[in-house]
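Below: one structure, written as structure tokens.
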Ligand SMILES: Nc1ncnc2c1ncn2[C@@H]1O[C@H](COP(=O)(O)OP(=O)(O)OP(=O)(O)O)[C@@H](O)[C@H]1O
Ligand SMILES: [Mg+2]
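In our numbering, the protein residues as written are -5 to 376.
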């Protein structure tokens, strides 16, 4: 009797194993497959949502899509696009497309429709849609890409392009103006030599000076607009500054100001000596102009991390915070006779050297820190 019972239990055990293997396994596979696709859907790096066409309700929506809407998933499911902020015109376009294209028809899907929500500060997104059949329901599968940054990048590119064109035109005009100016200057000089009238002589002299000033402005502007290939050499900044020292010193002496040069232990770097000379002179000139008599301009060099730093510090009136961001903008000047091109040229030179300019300023003075990379710079052609 006991033998029969054991036999019976044995059959049940075998049957159970067969059932588990043949019935449970497929369910497990289906469940893990569902989980797999759900994870892909939820965490896809583009916004995805499924909308039922019959009542326009969201059936599914992923994280990326809800992030754009600024809502939680559960607040969107069951709602219509209009209820979560879609613009009526945009939604009609999507719906019209869906109604005119049967599911899986292979017709071209609706691509990159630019939308923005009916809500202040909403970003711009591109929507693509495809009609799909899920069970008995016709649905719209909608993808969304946030293109706010792309859009602003594009706007900036258009602006720069326009600026570039204006720059090129201005450079062309500036160049052409110089020829007639040279002619006028020549005649004025001739008239000045011929006339005996001292009053007229000084007027003519003044006119020539004004023409020269205009010519200097044009020359500086052209330096800024023109793309020239800097002549890079392995050079030591200290040597360059030592050579320049007498020139800056002479400038400061005539203004009753002092200059201090403290060269640090720095390695040679790849620079264009002509360009850096212009940069140093422009920054030193600004520093001297900002200081009252007795002030001291300090020029320092040192090595810091992977850079060689040139620091030019003055004891001038400083630069107000709101003007700091304007530094380097062509023609930005607070000086009566300034052209506002000095620092623009410096920034352009720094860029071509892969160097960065930091400005620290307070009412006690201003410090320009120019950091040159130690590694051989990538010689840029502009
Ligand atoms: N060291 C400084 N201290 C205070 N203000 C400064 C200093 N350097 C620059 N600035 C401010 O930045 C402005 C722009 O300087 P930038 O050298 O470009 O032109 P500018 O000196 O006015 O004219 P220029 O083209 O003749 O050099 C100056 O007008 C001044 O207001
Ligand atoms: Mg200047």
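We treat Cβ as the ideally placed atom computed from N, Cα and C, and that holds for glycine. It should be emphasised that the depicted structure is a prediction, and the values quoted were computed from it without experimental measurement.
* Asked: Within 10 angstroms of its Cβ, does residue 376 collect 16 or more other Cβ (buried), or is it exposed?
  -> Counting from 1 along the chain shown, the entry for residue 376 is found at position 382. At residue 376, the pLDDT of 41 sits below 50, so the modelled position is not reliable; the number obtained from the coordinates is stated separately. Classification of residue 376: exposed, given that the 10 Å Cβ count is below 16.
* Any chance the CB of residue 337 is under 7 angstroms from a heavy atom of ligand 2? -> On the chain shown, residue 337 is found 343 positions in, with the first residue counted as 1. Correct: residue 337 has its Cβ closer than 7 angstroms to ligand 2.
* Alpha carbon to alpha carbon, how far is residue 137 from residue 34? -> Residue numbering aside, residue 137 sits at position 143 when the chain shown is read from its first letter. Residue numbering aside, residue 34 sits at position 40 when the chain shown is read from its first letter. C-alpha separation (whole angstroms): 14 angstroms.
* To do: Measure from the alpha carbon of residue 44 to the alpha carbon of each residue in 134, 335 and 128, then state which is nearest.
  => As a first step, residue 44 is located in the chain shown; it is residue number 50 there, counting from the start. If we check each option's Cα against that of residue 44, 134 comes out closest.
* **Own chain partners of residue 289 with C-beta closer than 6 angstroms, once the 5 adjacent residues on each side are dropped** => For this step, residue 289 is matched to residue 295 along the chain shown. These residues qualify, in order along the chain: 251 and 309.
* To do: State buried or exposed for residue 276, treating a residue as buried only when at least 16 other CB atoms are found within 10 Å of its CB.
  => If you number the chain shown from 1, residue 276 lands on position 282. Looking at its Cβ environment, which holds 16 or more other Cβ atoms inside 10 Å, residue 276 is buried.
* Can you tell me the Cβ-Cβ gap for residue 104 and residue 91, rounded? I've got them flagged as a contact below 8 angstroms. => Position 110 of the chain shown, counted from the start, is the residue given in the question as residue 104. Position 97 of the chain shown, counted from the start, is the residue given in the question as residue 91. Between residue 91 and residue 104 the Cβ distance is about 4 angstroms, and since that is below 8 angstroms, they are a contact.
* To do: Excluding the 5 residues preceding and the 5 following residue 301 in the sequence, name in chain order all residues of the same chain whose CB lies nearer than 7 angstroms to its CB.
  => Residue mapping note: residue 301 aligns to position 307 of the chain shown, counting from 1. So the list reads 365, 366, 367 and 368, once near-sequence residues are dropped.
* To do: Using DSSP bridges, identify the partner residues of residue 350.
  => Locating residue 350 in the chain shown gives position 356, counting from the first residue. Answer is 365.
* Asked: Assuming residue 229 contacts residue 265 under a Cβ cut-off of 8 angstroms, what Cβ separation, rounded to an integer in Å, is found between them?
  -> Position 235 of the chain shown, counting from 1, holds the residue named residue 229. Position 271 of the chain shown, counting from 1, holds the residue named residue 265. 5 angstroms between Cβ atoms; contact.
* First and last residue of the beta strand (DSSP E) that includes residue 283? -> For this step, residue 283 is matched to residue 289 along the chain shown. No beta strand (DSSP E) contains residue 283, which is instead part of the alpha helix (DSSP H) from 267 to 284.
* To do: Report buried or exposed for residue 324, applying the criterion of at least 16 other Cβ atoms within 10 angstroms of its Cβ.
  => Indexing the chain shown from 1 puts residue 324 at position 330. Buried, by the Cβ-count rule.
* **Cβ-heavy atom distance, residue 179 to ligand 2, below 7 angstroms** => In the chain shown, the residue the question calls residue 179 occupies position 185. The answer is no for residue 179.
* Asked: Looking only at DSSP bridge pairs, what is residue 307 linked to?
  -> Residue mapping note: residue 307 aligns to position 313 of the chain shown, counting from 1. Per DSSP, 292 and 361.
* Contact check, residue 88 vs residue 107 under 8 angstroms by CB: the rounded distance? -> The residue given as residue 88 occupies position 94 in the chain shown. The residue given as residue 107 occupies position 113 in the chain shown. Contact holds; Cβ gap of about 7 angstroms.
* **Which of helix, strand or coil DSSP assigns to residue 245** => As a position in the chain shown, residue 245 is number 251, starting the count at 1. Note: residue 245 maps to helix in three-state DSSP.
* Asked: Going along the chain, which residues of its own chain have a beta-carbon closer than 7 angstroms to the beta-carbon of residue 246, five neighbours each way excluded?
  -> Here the question's residue 246 lines up with position 252 in the chain shown. Result list for residue 246: 252, 253, 282 and 291, in chain order.
* To do: Note down the Cα distance separating residue 85 from residue 39, rounded to an integer number of angstroms.
  => The count along the chain shown starts at 1 and reaches residue 85 at position 91. The count along the chain shown starts at 1 and reaches residue 39 at position 45. Roughly 23 angstroms between the two C-alpha positions.
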